[in-house]
Every structure is written in C-alpha cells, then in structure tokens.
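Chemist: Protein chains in written order, with my numbering: chain A, 487 to 730; chain B, 487 to 730.
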DNA sequence: CGAAAGATTGAGATATTTCAACTGCGGTGG
DNA sequence: CCACCGCAGTTGAAATATCTCAATCTTTCG
C-alpha cells in the first residue's frame with residue numbers, strides 16, 4: 487500500500503505527502519522509537535489498558551473500535567500512514583478504544599513521557615503532536631456531520647471520497663482504490679447495515695459514479711472524485727433538524 | 487449556572503470540579519488572558535477565521551456549529567465551564583466551526599503562541615492542553631458511538647445523561663436540569679427531527695424516567711441518572727452492523 | 001394582549017432495517 | 001480433483017423506525 491510511487495495526483499498534494507514523511511523522519515531521529523509489525527486482527531492496544539505510549543502508523547491501516555459496556559462494537563475511526571493512535575488515552579490514563587490492524591503494517595510506539603521531554607528540545611515535535619490531535623478532532627466533527635445530516639447513500643459516497651483523499655494525501659493513486667474492509671465493517675462505521683452499504687454501492691455503480699473491478703468487489707474504480715461530491719450534494723439530504 | 491454551590495453530588499466529583507477550577511486558576515495566573523462576555527447568539531469565532539487563539543469557557547455554555555458548504559448547519563459539540571474551544575483550528579490554521587454562545591457567559595481567550603511559550607516554563611499548562619484535546623477526542627468518539635448504534639429514544643436518554651454528568655462534574659445538582667436548547671437544537675445535535683425529540687421526551691416522562699417541571703418544559707427532573715442508563719440498555723438497539 | 005416562536009401530538013409517507021434466498025469464491029479434506 | 005462448507009456479497013420483499021406534514025396548544029416577549 488505504501489510502496490506505490492507518486493502518481494496522478496497534483497503537485498499540491500506533495501505538500502501533504504511530504505509532511506507525513508517529514509513527521510516520521512523527525513520522530514525517528516529525535517526519539518527512541520520501538521517498531522512493531524502487526525498482522526490483520528492484531529491489536530496495538532486495548533481499551534482500558536493504562537496509557538503510556540502513543541503510536542504512529544508507518545504502514546498498513548488500523549481501526550479504532552469502541553466496545554460499549556453492553557457488548558456492542560463500534561468502529562469509530564480509521565488510521566493510515568502518518569496518523570497517531572492512542573491520543574484518546576492521555577486524558578484519563580487509559581485507552582478508550584481497541585486499536586486493531588486491518589492488514590499487515592508497522593507501528594511505531596513512543597513513550598508519552600519521552601515525547602514530552604524531547605519536545606522541550608525540539609518544539610517541532612510538539613507542533614506535530616498538536617496538529618495530529620487537532621486534525622483528529624476536526625475529522626471526528628466531520629464524521630458527526632455526515633452521520634447526522636446525510637442519508638445512507640450519501641454517507642457511502644462520502645466515505646469513498648474520504649478514502650480517496652486519504653490516499654491522495656499520501657501520494658498514492660486514487661482512481662483505483664481497494665477497500666480492505668467488509669461491507670459489515672463499512673456499515674458499522676457509517677451507522678447502517680451491510681445490506682444498505684451493498685445497495686448504495688450498487689446504485690453508485692449503476693449511476694457510473696464508481697465502477698467495480700473485474701474481480702473482487704472491494705476494488706473500486708473512481709473515475710473522478712468530484713462526481714462523488716456532486717452525488718452527495720445532489721442527494722440533497724436534510725434529515726437532521728435545521729438549526730433555525 | 488456556575489454560581490450554584492456544590493450539592494447532592496458525591497465527594498468523588500469534587501475531583502473533577504476541583505480540576506476545572508484549578509485549570510482556570512492556573513491559566514489565569516500563568517498567562518495573559520483576555521476576558522470577554524458574550525450573550526446568546528454571539529459567536530466566539532467563526533469557521534474559516536485564521537487561528538490565533540484558544541478559548542476557555544469560564545461561564546455560560548457554547549455550541550460548535552459546522553456549516554457544510556451546501557448550507558446545512560450541524561451542531562457538533564457542546565461546551566461548558568472549563569472546556570477549551572478552538573482546538574480544531576490548530577491543524578490547518580483556521581477554525582473549522584462557528585463557536586456560538588447559547589447563553590450569557592464569559593470566555594477567556596489565550597494566544598496559542600503565548601500558551602506554548604508559557605508552557606515551556608509551566609509544564610502543567612501543556613498537560614492541561616493535552617488533556618483537553620484528548621478528552622475532546624474521546625468525547626466525540628462517544629458521540630459517534632451513540633449516533634451509530636442507538637435508536638432515537640436511547641440517544642435522547644444518553645443526551646440527558648451526558649448533560650447530567652456534565653453538571654455533576656462541575657459540582658452542580660443534577661436532579662433538576664434546565665436544557666437551554668430548543669427541541670430543534672437537540673434534534674440537530676442528535677441526528678433526528680425535533681418531533682422525534684419531543685416524542686422521546688414524552689415517552690421518557692410517561693415511563694417516569696424523567697419528569698417535566700411545572701412550567702417550561704425545558705426544566706427536566708431526573709430522579710435517578712441510572713434510570714436513564716438502564717433505559718438506554720433496555721432499549722437494546724443494534725441498528726448498526728455488528729462487526730463480526 | 002397579541003404575535004411569534006417553541007412544543008406536542010397524530011396520521012400518512014418514506015428511508016432503512018430485517019429476514020431470507022441466492023451467488024460466487026476460496027479453502028479443505030476425502 | 002472435486003465436493004463441500006463457510007464467508008462475503010447481492011438482491012428482493014415485508015417490517016419498522018423515523019420523518020414529514022399538519023393541527024393544536026403553550027410560552028415568551030414586545
């Protein structure tokens with residue numbers, strides 16, 4: 487996933503891809519980093535464990551699963567190369583979610599106390615941490631917006647766009663993406679059933695907004711990302727109450 | 487709202503109420519703080535404005551409104567005494583939402599650069615900032631969980647419980663709460679229509695989980711918070727797809 | 001007091017879920 | 001090698017939660 491070279495994305499995206507690379511480089515040279523390779527299903531940490539370290543995704547991708555007391559499992563976030571994990575654990579000293587690998591990948595772990603100490607020498611480290619947290623907050627706000635105000639099909643379109651943007655940010659090609667998630671996982675993340683996800687994808691394909699690859703209906707071709715955006719708006723949804 | 491003395495809440499809550507007071511005190515003495523009084527409808531800052539400062543709620547309460555490009559307005563967060571605002575602006579240098587007062591209240595503003603500088607002298611400041619961001623992330627994860635996995639009525643119950651806990655954390659009484667929001671605002675926040683909110687509240691009242699005050703149906707009496715929790719579970723909802 | 005905004009409630013419309021049948025695919029073991 | 005099983009996905013039809021629309025009532029405020 488991370489091995490692919492830069493591609494059809496515009497030169498502007500280099501900024502983002504560059505930032506991610508710089509982050510990893512800076513962390514690696516300013517701090518003692520412990521690297522660990524995980525396989526699909528392995529967990530980086532589990533909800534409730536005492537918080538000591540933050541983690542950075544070097545490769546692969548990861549899901550954050552919040553298991554409520556009553557046993558329901560909710561996928562509350564996805565994380566890719568350059569993303570930080572475990573930020574939700576700082577506040578009360580325990581991680582709030584399970585972080586689980588969805589594919590083979592490498593995780594770097596950094597002790598939080600070591601990070602703070604190093605940050606006093608290298609302010610850029612602190613800056614990066616704050617940006618990561620801030621981005622996470624803004625991203626989750628987007629999730630809430632989408633969950634509250636878009637009908638199911640538009641949420642699926644938004645999800646695909648999000649995935650494509652994520653790849654673009656990392657300098658990867660976005661015209662052909664491979665969702666490494668089952669329909670059930672996508673549905674769980676988007677607050678709908680797997681059947682609804684399936685139907686939404688089928689309709690997007692019928693409308694030629696996306697196309698399925700020959701084999702494996704997890705490979706999705708997105709000729710133009712703007713088509714997804716247009717679709718989300720065209721599906722003019724106002725299910726949530728307008729504010730005034 | 488903030489003036490009420492400690493009350494029926496247990497001694498354990500003092501920790502949280504104390505933390506909030508300590509936070510405000512520490513910030514005030516370690517930093518140049520600019521105080522501003524706002525009235526209902528006034529905005530602390532608006533989406534898109536260049537990020538320079540963070541804000542702390544000293545009194546009153548505030549909503550974060552994310553206005554999507556297409557003009558839909560979504561309430562993505564509520565903030566009370568001791569909460570930090572503007573954290574979503576750090577990452578890309580602009581605030582992502584409007585922050586709007588829902589009542590008369592006082593906001594403290596702190597320049598981000600000044601905060602970072604002061605933090606190098608006073609590590610506790612940094613700690614507080616990180617806790618605030620981490621708490622915000624964890625809180626939003628809860629929102630997503632609730633939106634995805636609970637039916638409407640349970641979300642309303644969860645909302646009331648959240649509000650009660652927020653008051654408890656601040657050392658205020660929780661048996662009698664005043665929602666300073668219209669049904670439309672609550673519905674917008676919870677991803678449902680105002681009618682559904684109204685019906686849910688009516689049913690909660692009919693089931694004696696809550697009680698309305700004599701006048702003003704915004705004053706709600708919550709005899710026991712656990713009843714809300716029990717109700718949320720009893721309303722055993724699994725609308726979102728189970729993960730496996 | 002009267003107007004405007006907020007809230008409640010009912011009944012029909014609709015999006016999404018649920019349940020069920022069917023397909024394709026990959027592995028596994030006889 | 002093939003039969004078989006289980007998992008992922010698709011699709012249809014019925015069930016249901018929520019929304020929409022509309023009427024009515026209450027509260028607030030100038």
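We put the beta carbon where it would ideally sit given N, CA and C, even for glycine.
In its own chain, which residues sit with a C-beta less than 7 Å from the C-beta of residue 610 of chain B, not counting the 5 before and 5 after it?
Modeler: Result list for residue 610 of chain B: 512, in chain order.
Chemist: Sorted by chain position, which residues of the same chain lie with C-beta nearer than 7 Å to residue 671 of chain B's C-beta, five sequence neighbours on each side aside?
Modeler: So the qualifying residues of the chain are 561.
Chemist: Residue 636 of chain B and residue 644 of chain B - do their beta-carbons sit closer together than 8 Å?
Modeler: Yes. Within cutoff.
Chemist: Could you tell me the boundaries of the beta strand (DSSP E) in which residue 560 of chain A lies?
Modeler: That run of the beta strand (DSSP E) goes 559–565.
Chemist: Considering only C-alpha positions, which residue in the set B/526, B/607, B/532, B/631 is nearest to residue 677 of chain A?
Modeler: Comparing Cα positions, the closest option is B/631.
Chemist: Taking all protein chains shown into account, decide if residue 639 of chain A is buried (16 or more other Cβ within 10 angstroms of its Cβ) or exposed.
Modeler: Residue 639 of chain A comes out buried.
Chemist: Hey, is the stretch 509–526 of chain B in contact with the stretch 582–598 of chain B, meaning 3+ C-beta pairs nearer than 8 Å?
Modeler: Cβ pair count under 8 Å is three or more, so yes.
Chemist: What whole-angstrom Cβ distance do residue 589 of chain B and residue 546 of chain B have, given they're in contact under 8 Å?
Modeler: Right, the Cβ-Cβ distance comes to about 5 Å (below 8 Å), so this counts as a contact.
Chemist: Could you give the distance in angstroms between the alpha-carbon of residue 567 of chain B and the alpha-carbon of residue 565 of chain A?
Modeler: Each residue's Cα considered, the two are about 32 Å apart.
Chemist: Suppose only complete runs of 3+ residues qualify. What are the beta strand (DSSP E) ranges in the stretch 503–545 of chain A, listed by chain order?
Modeler: Taking only runs of at least 3 residues, the beta strand (DSSP E) segments lying wholly in the stretch 503–545 of chain A are 520–524, 529–531, 539–543.
Chemist: Using 10 angstroms around the beta-carbon of residue 501 of chain B, count the other beta-carbons present and answer buried if the total reaches 16, otherwise exposed.
Modeler: That one is exposed.
Chemist: At a Cβ cut of 9 Å, what residues of the stretch 571–583 of chain A count as close to chain B, listed as they run along the chain?
Modeler: Listed in sequence order: 573, 574, 575, 576, 577, 578, 582, 583.
Chemist: Which word fits residue 606 of chain B, buried or exposed, when buried means at least 16 other C-beta atoms lie within 10 angstroms of its C-beta?
Modeler: With fewer than 16 other Cβ atoms within 10 Å, it is exposed.
Chemist: Assuming residue 591 of chain A is part of the alpha helix (DSSP H), what are its boundary residues?
Modeler: Residue 591 of chain A -> not in any alpha helix (DSSP H); beta strand (DSSP E) instead, spanning 591–597.
Chemist: Measuring CA to CA, which of B/504, B/648, B/574, B/558 is closest to residue 535 of chain B?
Modeler: Comparing Cα-Cα distances from residue 535 of chain B to each of B/504, B/648, B/574, B/558, the minimum goes to B/574.
Chemist: Within 8 Å (strictly less), CB to CB, does residue 552 of chain A reach chain B?
Modeler: Yes, because at least one Cβ of chain B sits closer than 8 Å to the Cβ of residue 552 of chain A.
Chemist: According to DSSP, residue 658 of chain A sits in a beta bridge with which residue or residues?
Modeler: BP columns for residue 658 of chain A are empty, so no partner.
Chemist: Quick check: is the beta carbon of residue 623 of chain B nearer than 8 Å to any beta carbon in chain A?
Modeler: Closer than 8 Å to some Cβ of chain A, the Cβ of residue 623 of chain B qualifies, so yes.
Chemist: So, at 8 Å on beta carbons, what are the nonlocal neighbours of residue 661 of chain B in its own chain, with the 5 sequence-adjacent residues on each side left out?
Modeler: Correct list, in chain order: 494, 707, 708, 709.
Chemist: Reducing DSSP to helix, strand and coil, say where residue 706 of chain A ends up.
Modeler: In the structure shown, residue 706 of chain A sits in a strand (DSSP, three-state: E or B).
Chemist: Apart from the five residues just before and just after residue 603 of chain A, which ones in its own chain have a Cβ nearer than 7 Å to its Cβ?
Modeler: So the list is empty, once near-sequence residues are dropped.
Chemist: Just to confirm before moving on: does the CB-CB distance between residue 642 of chain B and residue 695 of chain B stay below 8 Å?
Modeler: No, the Cβ-Cβ distance between residue 642 of chain B and residue 695 of chain B is not below 8 Å.
Chemist: Could you check which residue in B/556, B/711, B/528 has the C-alpha nearest to that of residue 586 of chain B?
Modeler: Cα-wise, what sits closest to residue 586 of chain B is B/528.
Chemist: Are residue 576 of chain B and residue 622 of chain A touching if we call contact CB-CB under 8 Å?
Modeler: Not in contact: residue 576 of chain B and residue 622 of chain A (Cβ atoms no closer than 8 Å).
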